[in-house]
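Below: the structure, in structure tokens.
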Amino acid sequence: MTHSKRLAAVACAALLSVPFMASADDAAESPISWEVGAVSDYLFRAASQTDEKPTVQAGLTWTSPVGLYVGTWGSGVDFGPGDPDVEVDFFVGYGFDVSEQVNFDVLLNRYTYPGASELAYNELVTTTTIADTWKVNVSYSNDVWNSGTDGWYYGIGGEWGLPNEFSLSANVGRSTFENGVAEDYTDWGVGVSRGFGIANVSLGYYGADGNGRDNFGKLADNRVVLAVKIAR
5 MTHSKRLAAV
15 ACAALLSVPF
25 MASADDAAES
35 PISWEVGAVS
45 DYLFRAASQT
55 DEKPTVQAGL
65 TWTSPVGLYV
75 GTWGSGVDFG
85 PGDPDVEVDF
95 FVGYGFDVSE
105 QVNFDVLLNR
115 YTYPGASELA
125 YNELVTTTTI
135 ADTWKVNVSY
145 SNDVWNSGTD
155 GWYYGIGGEW
165 GLPNEFSLSA
175 NVGRSTFENG
185 VAEDYTDWGV
195 GVSRGFGIAN
205 VSLGYYGADG
215 NGRDNFGKLA
225 DNRVVLAVKI
235 AR
């Protein structure tokens, strides 16, 4: 994938692309959690990673009793002719309760692309969860999109219960870049979801501001995304 293609599609641990996590009760029963699912479009910070096409995704995580965890997550991608066709992320992290109302999590994610190893890069992701409702995300890469320059992401999102076991979620984020690798831009999303046992179905509407559309073209147009995932 060329650098210009990288600007048109980026990659897992963001507010719009977080792997579907097992419930706290499941985590207490087993240190291993997993998820499999399908999405109508794989978005990363409002940019399609699959050329606006559906794909399958899967992940596996081991969590220790003290909050340390390691895992991997994968998805199909489509950046144009040739490799890569798959993204595989490897991550290690640690989460702990700051207080009864606040949890802090720090994760180091390695984005890799089999068949295009030169595109791999790292990102440090921090997430602060407040009252089990609000999430504040700050992420940093010293080699964003394998460009050799710094990139930051700042995001805030929330989730609220609705009648009949539905949930409403919303988020907004800001990506900033050094050395003109891309224009700073804002992404946003709003969605509804419902759980059915170990399955979850969500429908969301996502988009980016004018700078985001300048960066990624039609891949950052406003769009509806359907996701169906099973996790345990």
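Sequential numbering of the sequence shown, starting at 5, is according to the numbering used here. All C-beta atoms, glycine included, are put in the ideal place defined by N, C-alpha and C.
Residue burial classification, residue i (beta-carbon count within 10 angstroms, cutoff 16)
{"i": "Ser27", "result": "The predicted position of Ser27 is uncertain, since its pLDDT is 37 and thus under 50; a value taken from the coordinates is nonetheless stated next. With fewer than 16 other Cβ atoms within 10 Å, it is exposed."}
{"i": "Asp93", "result": "buried"}
{"i": "Tyr157", "result": "buried"}
Selected residue, minimal CA-CA separation from residue i, among the options
{"i": "Asn215", "options": "Phe95, Glu187 and Pro167", "result": "Glu187"}
{"i": "Val102", "options": "Glu127, Thr76 and Gly71", "result": "Gly71"}
{"i": "Tyr73", "options": "Val176, Val96 and Gln61", "result": "Val96"}
{"i": "Glu33", "options": "Asp55, Lys222, Ala50 and Pro69", "result": "Pro69"}
{"i": "Trp138", "options": "Tyr157, Gly162 and Tyr158", "result": "Gly162"}
{"i": "Thr130", "options": "Glu91, Gly159 and Leu123", "result": "Gly159"}
{"i": "Ile202", "options": "Gly221, Tyr209, Gly208 and Arg236", "result": "Arg236"}
{"i": "Val90", "options": "Thr116, Gly63 and Leu47", "result": "Thr116"}
{"i": "Phe200", "options": "Asn168, Asp136 and Phe100", "result": "Asn168"}
Own chain residues within Cβ distance below 6 Å of residue i, not counting five before or after
{"i": "Ser151", "result": "Val185"}
{"i": "Gly119", "result": "Asp87 and Pro88"}
{"i": "Thr132", "result": "Phe108 and Val140"}
{"i": "Ser206", "result": "Gly195, Ser197 and Ala231"}
{"i": "Met25", "result": "Low local confidence applies: a pLDDT of 38 at Met25 is under 50, so the model's placement there is unreliable, with the coordinate-based value given in what follows. If we look at Met25 and ignore the five residues flanking it on each side, it has no Cβ neighbours."}
{"i": "Ile134", "result": "Val106"}
Test item: CB-CB of residue i and residue j under 8 Å
{"i": "Ser179", "j": "Gly155", "result": "yes"}
{"i": "Thr65", "j": "Gly80", "result": "no"}
{"i": "Gly78", "j": "Gln61", "result": "yes"}
Rounded separation between residue i and residue j - CA only
{"i": "Pro58", "j": "Ala42", "result": "7 Å"}
{"i": "Asn219", "j": "Thr190", "result": "11 Å"}
{"i": "Arg263", "j": "Ser121", "result": "No answer is possible for residue 263: it lies beyond the span of the chain, which begins at 5 and ends at 236."}
{"i": "Asp45", "j": "Ile234", "result": "17 Å"}
{"i": "Asp213", "j": "Val176", "result": "11 Å"}
{"i": "Ala224", "j": "Phe108", "result": "30 Å"}
{"i": "Asn146", "j": "Gly211", "result": "25 Å"}
{"i": "Val229", "j": "Gln105", "result": "31 Å"}
{"i": "Val110", "j": "Trp164", "result": "24 Å"}
{"i": "Glu56", "j": "Leu112", "result": "28 Å"}
{"i": "Leu123", "j": "Val142", "result": "22 Å"}
{"i": "Gly193", "j": "Arg217", "result": "15 Å"}
{"i": "Phe83", "j": "Ala50", "result": "15 Å"}
{"i": "Asp136", "j": "Asn183", "result": "37 Å"}
{"i": "Phe100", "j": "Lys222", "result": "40 Å"}
Cut-off 7 Å between Cβ atoms - residues of its own chain near residue i, not counting five sequence neighbours on either side
{"i": "Ala31", "result": "Confidence at Ala31 is low in this model, with a pLDDT of 43, below 50, so its placement is unreliable and no value can be given for it."}
Other residues of its chain near residue i: CB distance less than 8 Å, five sequence neighbours each side excluded
{"i": "Val148", "result": "Tyr125, Glu127, Asp154, Gly155, Phe181 and Val185"}
{"i": "Phe170", "result": "Val196, Ser197 and Arg198"}
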